[in-house]
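Take the sequence shown: its letter number 166 is residue 203 in this note's numbering, and every next letter is one higher. Ideal placement from N, C-alpha and C gives every residue a C-beta, glycine not left out. Fair warning: this is a prediction, and the values are worked out from it, not measured in the lab. Here the structure is laid out as structure tokens; the discussion comes afterwards.
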Amino acid sequence: DDGDYLGQLDSDDPDVASDDVAALAAVASINGPAMVIDLAAAEQRLEQSEAAVAVAVLTTEQDRTLAQQALLDERDDAIGDLGQQIARRIRRVVSDQENEVLDLIRRNKKMKTAEQILPSAVEQMAAYRSAVAADLTAVLHAGVEFALDTWRPETHVDQIDVSAAFDQAVERLSELAVAPLTAKLARIIAEVDDPTPDRTDLVDAVRLGYREFKNDRIAEVAGDLVTVAFSRGVLAAAEPGDEVRWIVDHSGRACPDGEDNNLAGPTAAGEAFPTGDDCPPVHPGCRCLLVPAAR
38 DDGDYLGQLD
48 SDDPDVASDD
58 VAALAAVASI
68 NGPAMVIDLA
78 AAEQRLEQSE
88 AAVAVAVLTT
98 EQDRTLAQQA
108 LLDERDDAIG
118 DLGQQIARRI
128 RRVVSDQENE
138 VLDLIRRNKK
148 MKTAEQILPS
158 AVEQMAAYRS
168 AVAADLTAVL
178 HAGVEFALDT
188 WRPETHVDQI
198 DVSAAFDQAV
208 ERLSELAVAP
218 LTAKLARIIA
228 EVDDPTPDRT
238 DLVDAVRLGY
248 REFKNDRIAE
258 VAGDLVTVAF
268 SRGVLAAAEP
278 GDEVRWIVDH
288 SGRACPDGED
298 NNLAGPTAAG
308 EAFPTGDDCP
318 PVHPGCRCLL
328 VPAAR
């Protein structure tokens, strides 16, 4: 009875161990018959429930990752080989500039400073703009079509004005190509003191600078340009009230800034994400993507 049960709890009998006290507490019933609780079974059910929740969370995360990768693949398919074409056109601009600069160094011994020898930033930007115009516009249109498929599938790509988006995209070449190449060559010209008649040392040093830029930077510059152009196309297709999401491409460099922007969730098209950027890339080599929030 209850008294016997309580007596067992108060007993000094060494046979009643602490584990037994816990078991007795689990089966105690003050009013009516005792109900035995299988603690082992209950613990097993709890573990199974927690495991099921963990699997569900993992499955959801995997599904989200697969869905985001599908969007990145869709972008890459839409771009096709335009990135390689743009890289070739940028390389041609750099090669033409190299030939002109080397010829100037050989012919005009009085020109000794970078300002005298190198083309101006305006001249360089004009050459790049002309070279990439057709291919870059095609990338912009691919971004527009990608967005319109979700927002307004009845709207044709040609109905969207991408001129402002083109200007914004091509302007990135100033920081991606013009500024770093000019700075690199200016350092070389300042450091090489070549008094010889044909200035062979300076010619060789400048040629090496151009070669390093073409080999090390052009592919990434073209990739950055395509990345910004596609997402600028998405923004060009947006209307007031449209929202976008930031998708991180994990196939390239680690992008912690992109992860922050991804966590921001749906954001009004054209508004800044946490990093202050309204579209990718946030750093050289970033291959993130803007998508309509409903995707």
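Segment limits, alpha helix (DSSP H) that includes residue i
i, result
"Val240", "Thr237 to Asp253"
"Met162", "Ala158 to Trp188"
"Glu137", "Leu119 to Arg144"
"Ala151", "Ala151 to Ile154"
Residues near residue i by beta carbon distance below 6 Å, same chain, minus five either side
i, result
"Ile255", "Ala124, Ile127 and Arg128"
"Thr192", "Leu185"
"Val169", "Ile123 and Arg126"
"Tyr165", "Val130 and Leu210"
"Asp314", "none"
"Val58", "Because the pLDDT at Val58 is just 47, under 50, the model does not fix this residue reliably, and the value given afterwards should be weighed accordingly. Within the same chain, Val58 has no close Cβ partners at all."
"Ile197", "Val181, Ala273 and Ala274"
"Thr237", "none"
"Ala309", "Asp315"
Cut-off 8 Å between Cβ atoms - residues of its own chain near residue i, not counting five sequence neighbours on either side
i, result
"Val319", "Cys292, Asp294, Gly295, Asn298, Thr312 and Cys325"
"Arg332", "Leu108, Thr187 and Arg282"
"Gly322", "Glu257, Gly260, Asp261, Gly289 and Arg290"
"Ala175", "Leu119"
"Pro303", "Glu280, Val281, Arg282 and Ala330"
"Ala201", "Ala273"
"Ile284", "Gln105, Leu108, Leu109, Asn299, Cys325, Leu326, Leu327 and Val328"
"Pro234", "Lys146"
Opposing strand residues paired with residue i [DSSP bridges]
i, result
"Pro329", "Val281"
Nearest candidate by alpha-carbon position, reference residue i, set the options
i, options, result
"Tyr247", "Pro234, Leu218, Phe183 and Ala275", "Leu218"
"Leu222", "Gln81, Arg189, Glu111 and Gln134", "Gln134"
"Glu137", "Leu213, Glu249, Val240 and Asn252", "Val240"
"Asp230", "Asp172, Ala151 and Gln105", "Ala151"
"Val194", "Ala201, Ala202, Phe203 and Phe183", "Phe183"
"Glu212", "Arg244, Val265 and Ile226", "Val265"
"Leu245", "Asp235, Arg236 and Ile225", "Ile225"
"Val207", "Phe250, Thr237, Val263 and Leu83", "Val263"
"Ala37", "Glu308, Ala214, Ala115 and Phe310", "Only positions 38 to 332 of the chain appear in the structure, and residue 37 is not among them; the question remains open."
"His178", "Gly117, Glu160, Gln99 and Arg82", "Gly117"
"Arg189", "Ala78, Asp172 and Pro277", "Pro277"
"Met162", "Arg82, Asp204, Asp172 and Arg143", "Asp204"
"Pro232", "Ala220, Arg143, Glu249 and Asp253", "Arg143"
"Leu139", "Gly270, Ala301 and Ala242", "Ala242"
Sequence-distant residues of its chain with Cβ nearer than 7 Å to residue i (five each side left out)
i, result
"Ser268", "Gly180, Cys316, Pro317, Leu326 and Leu327"
"Asp286", "Leu109, Arg324, Cys325 and Leu326"
"Leu141", "Met148 and Ile154"
"Ala216", "none"
"Ala306", "Leu272, Ala275, Asp279, Glu280 and Val281"
"Lys251", "Arg128 and Val131"
Contact test: residue i Cβ vs the ligand COA heavy atom, cutoff 6 Å
i, result
"Pro293", "In the structure shown, the ligand COA is absent, as is every other ligand, since no ligand is present at all."
Quick check for students: name the residue ranges of the alpha helix (DSSP H) that lie wholly in the region 282-324, counting only runs of 4 or more. 293-300
Ignoring anything shorter than 4 residues or poking outside the region 194-241, list the alpha helix (DSSP H) runs there in chain order. 200-210 and 216-228
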